[in-house]
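A.B. asks: The C-terminal residue of the sequence shown carries number 596 in my numbering, and the numbering is unbroken.
Backbone N, C-alpha and C fix where the C-beta goes; we use that ideal spot for every residue, glycine too.
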Amino acid sequence: MRTDFFLYLAQSTLTVSIFALVYRLFFCRLTHFQWNRVYLVGSLLLSLVIPLFPLPELVGPDAVSEAAPRLNRVLSGLPTDAFRTGAQTDPAAFPGEFSGFILLAVYLVGCLYKTGRFCQNLKAIFKLIRTSRKRESGSYYSVYGQSDLPTFSFLRYVFLHAGNRSLAEEEQNLILEHELVHVRQRHTIDLLFFEITGILFWFNPLMAYLKFSIRQVHEYIVDQSMTRDRSHVKTYGYLLLKLTTQMAAAPLLNTFSNRSVFQRIQMFTQTPSSPMKKLTFLIILPFLALTIVLCSFFQPTATRQSRHLKAEKPVKGTPIGRIRWKGNTVHSTDELNKALGVRKGDLYDKEDFKKRLFSVVGPTVTSLYMDQGYLFFNIDVNEKRVGPVVDLELTVFEGKPVSIGNVTVKGSRKVARKTILDLIAIRSGDLFSSSKLIRSQRALAESGYFNPKEIGINPVPAADGKTVDLEYVVVEK
């Protein structure tokens, strides 16, 4: 679960980075501001959604399909009975797992800090709503007077700074109309979305750029609306300059004037982009395809290989009545049932059931344990026929977690050992992981140095059962 979450963050961060780069290179100077707004909001939404969907497998499965049966055969011959009893060791105590918990803790601390600041800003705004004096209201807005912050809008509320009273009546009307455009176009919803997403991706510096960009686009949209009548351009521009000395506002607010005022004046006084420039937005299509391709490489091997296992269920057999687990302490019954992929009423076929239990590829029960170091894990299946159905009692013998001992390579003469070890995803001292073994075998197959169908892994358990040596067998091309 923790690995899947970090994988999701990695895929989303990659997607956000690509979309932000595309905006900076191709779209930020266009005056099609509403299109830019749709792009910024839509691309961030896609960055959150794309990693949640099954992505096409864009790399050949040969290495994994060759590795899985060979690894299954080797592991099936290990002496599981010797480790059916004894105290369980927490896998989190091993360095690889411990570092994962540390990373998660750092991430959560960052999220809590960002959430605290976000809530603090919201609290300050709603306090201002309660304590400020209402001046007027309409069907979709309310106007308040205050002196704590520069003129700004939030949701349907407009807060006029007390210092605006010294301005001419025409200037005051322009300021109010400016903020009402923000209200009508619901710009605050965009800002809230970007702030909440920024909490999840607080570690990504490009989120700050995207938040700045969406605020900038909001101002461009309003400036464009306010200067549609060209007779107001000069007055409006002078007014922006006059109010640049107002204090900075909170990140959730749309303010009339801010530090980028000179860019705003440049944008609403320059020649508008031609309608044909909208075709530039088609450039996102190849980058979207690139994003999907890159994200597909981040998918765990088990996720890619599990689709066939989930889809292929037996078409004949005896209906399953009840599934009962015994002896499991590391994983809950719900976790094991999810990994098994079988439920009450499904047809029971011994061969299919065996594959779901003992295959090391995919989210099977065996891979669930072996990815956490339980190399000597085993299951006894007890079938009991009850009328037209069969009840299954699954007794789990978890054993103890095993770490990696020596990692050696056999059969390589031309390729340096260091080069090979750099391709391998598992190191001496790591917790044993079947998915890492298959991933490292895949990396060796795709390196181009070796025959992909002749790459083998030989696990050699130590006599004390605490470590296992790995021997990679390769045949150079």
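Report the option in 348, 484, 541, 526 whose CA atom is closest to the CA atom of residue 589.
C.D. replies: Comparing Cα positions, the closest option is 526.
A.B. asks: Any contact of the region 539 to 550 with the region 495 to 505, i.e. 3+ C-beta pairs under 8 angstroms?
C.D. replies: The region 539 to 550 vs the region 495 to 505: no contact.
A.B. asks: Between residue 249 and residue 264, is the Cβ-Cβ spacing less than 8 angstroms?
C.D. replies: Not closer than 8 angstroms, so no.
A.B. asks: For the beta strand (DSSP E) containing residue 265, list its first residue and its last residue.
C.D. replies: Counting along the chain, the beta strand (DSSP E) containing residue 265 begins and ends at 261 to 265.
A.B. asks: So for residue 559, helix, strand or coil by DSSP?
C.D. replies: Three-state result, residue 559: helix.
A.B. asks: At the level of alpha carbons, what is the spacing between residue 549 and residue 592?
C.D. replies: Taking the straight line from one Cα to the other gives about 20 angstroms.
A.B. asks: Given a cut-off of 8 angstroms, decide if residue 498 and residue 483 are closer than it, judged by their beta-carbon atoms.
C.D. replies: Not closer than 8 angstroms, so no.
A.B. asks: Please work out which residues of its chain come closer than 8 angstroms, Cβ to Cβ, to residue 281, disregarding the five sequence neighbours upstream and downstream, and give them in chain order.
C.D. replies: Taken in chain order, the residues that qualify are 264, 265, 266.
A.B. asks: Going by DSSP, what residue range makes up the alpha helix (DSSP H) through residue 344?
C.D. replies: 325 to 345 is the span of the alpha helix (DSSP H), which, as asked, contains residue 344.
A.B. asks: Whether or not the region 133 to 147 and the region 310 to 330 are in contact is what I'm after, with contact meaning three or more pairs of Cβ atoms, one per stretch, closer than 8 angstroms; do they touch?
C.D. replies: In short, these stretches touch, since the Cβ pair count reaches three.
A.B. asks: Within the same chain, show all residues whose beta-carbon is closer than 7 angstroms to that of residue 533, passing over the 5 residues directly before and after it, in chain order.
C.D. replies: Result list for residue 533: 595, in chain order.
A.B. asks: Helix, strand or coil for residue 457? Go by DSSP, reduced to three states.
C.D. replies: Here residue 457 sits in helix by DSSP.
A.B. asks: So does the region 286 to 295 actually touch the region 355 to 362, counting three or more Cβ pairs closer than 8 angstroms?
C.D. replies: Yes: the two stretches touch, three or more of their Cβ pairs being nearer than 8 angstroms.
A.B. asks: Using only alpha-carbon positions, find the residue among 445, 352, 407 that is nearest to residue 165.
C.D. replies: Minimum Cα distance to residue 165 is reached at 407.
A.B. asks: Does residue 382 pass the burial test, meaning 16 or more other C-beta atoms within 10 Å, or should it be called exposed?
C.D. replies: So residue 382 ends up on the exposed side.
A.B. asks: Between the Cα of residue 568 and the Cα atoms of 492, 277, 535, 394, which residue gives the shortest distance?
C.D. replies: Checking every option, the nearest Cα to that of residue 568 belongs to 535.
A.B. asks: Once DSSP output is grouped into helix, strand and coil, what is the label at residue 444?
C.D. replies: Three-state DSSP puts residue 444 in a strand.
A.B. asks: Among the residues of its own chain, which have a CB less than 8 angstroms from the CB of residue 566, if the five just before and after it don't count?
C.D. replies: Closer than 8 angstroms at the Cβ level, and outside the excluded window around residue 566, lie 542.
A.B. asks: Assuming the contact rule is C-beta atoms closer than 8 angstroms, residue 436 and residue 476 should be a hit. Round their C-beta distance to whole Å, please.
C.D. replies: No, residue 436 and residue 476 are not in contact; Cβ-Cβ is about 15 angstroms, not under 8 angstroms.
A.B. asks: In this structure, how does DSSP classify residue 415 when only helix, strand and coil are distinguished?
C.D. replies: Reduced to three states, the DSSP call for residue 415 is helix.
A.B. asks: Locate the alpha helix (DSSP H) running through residue 299, then write down its first and last residues.
C.D. replies: It spans 288 to 303 - the alpha helix (DSSP H) in which residue 299 sits, taken as one unbroken run.
A.B. asks: Would you mind listing the beta strand (DSSP E) stretches within the region 505 to 540 that are 3+ residues and don't spill past its ends, in chain order?
C.D. replies: Qualifying beta strand (DSSP E) stretches, in chain order: 508 to 516, 522 to 529.
A.B. asks: Taking 7 angstroms as the cut-off, is the C-beta of residue 497 nearer than that to any heavy atom in the ligand FAD?
C.D. replies: Absence of the ligand FAD from the depicted structure is noted, as is the absence of any ligand whatsoever, leaving it without description.
A.B. asks: Comparing C-alpha positions only, which one of 241, 128, 268, 531 sits nearest to residue 362?
C.D. replies: The residue with the shortest Cα to Cα distance from residue 362 is 268.
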